[in-house]
Each structure stands twice: as structure tokens, then as C-alpha cells.
Amino acid sequence: MAIKNLNNRVTVAFGAEDSQNDIKKSKEELFEQTVAIENALLKLEKADTLLNHWLQEYGFHEKPDPSLISSARTPSNAMRKAQAQKWYWEYDYIFKFIDIVSNYVDESKNLLSQAIGVE
80 MAIKNLNNRV
90 TVAFGAEDSQ
100 NDIKKSKEEL
110 FEQTVAIENA
120 LLKLEKADTL
130 LNHWLQEYGF
140 HEKPDPSLIS
150 SARTPSNAMR
160 KAQAQKWYWE
170 YDYIFKFIDI
180 VSNYVDESKN
190 LLSQAIGVE
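In the working numbering, the protein residues as written are 80 to 198.
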């Protein structure tokens, strides 16, 4: 049995009770950290999915040539013209994708920072 002075009051504390409270507090902290890490992993998986989709849709072997879009002539490689058109018409869509992924990454970083106690 130990005597503690809390806020100018003397209370009697039992070692076993303190240990139980410490264990309960540790379990709660571990649970919160686990949830934060799971949420961060989920957001990172979403970001990875979006990035993979983005790479498949817009990862052209050659840089799109915007001059091909308005060109009346048929380029030697019609696929390059189609890629340039896709890039031109979906330019805003590409940046929305990037913004979404950035948000997932930022949220994940915040969750992981909270999980390790850095804010």
C-alpha cells in the first residue's frame, strides 16, 4: 500500500489497482494506435489504386503532342493523336486525381503522426 498526494489530498492507492489502470490505459492507447494505422493503410491503398489507374490511363510512352489535336493531317501514328486528345480533354480530370491522392496521403500522414504521438 502506497500513499499519494493528489491535488493536496492524501489518498490511499493499492498497487494492484494502479497496475490494472495502467494496463487498461495501455490497451486503450494500443487500440487507438491500431485503428489509426488501419485507417492510414486503407487511405494509402486508395491512393495506390488511384495512382495505378492514373498510370494505366495516362502513362503514355511518348509525351502527348498538343499540336496533333487540331491538326487536319493524319499523323503517321494515329495512336499519338488519340493520346494527345485524351490528355487534352481529360486534363482537369488528371489534376482532380492528383488532388484526391494528395488528400489520401496527407490524411494518412496525419493518422500515423497521431498514432505515434507526434502532432
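Just so you know, even glycine gets a beta-carbon here, dropped at the ideal spot from N, CA and C.
Simplified DSSP assignment, three categories, for Glu169:
coil
Can the beta-carbon of Leu191 be found less than 8 Å from the beta-carbon of Ala126?
no
Can you say whether Tyr183 is buried or exposed, counting buried as having 16 or more other CB atoms within 10 angstroms of its CB?
buried
So, Leu147 versus Ile179, is the Cβ gap smaller than 8 Å?
no
So, are the CB atoms of Ala194 and Gln112 less than 8 Å apart?
yes
Could you check whether Pro143 and Ala119 sit closer than 8 Å to each other, using their CB atoms as the reference points?
no
Just to check my reading of the structure: Phe176 and Trp133 have Cβ atoms closer than 8 Å, yes? What is that Cβ distance to the nearest angstrom?
5 Å
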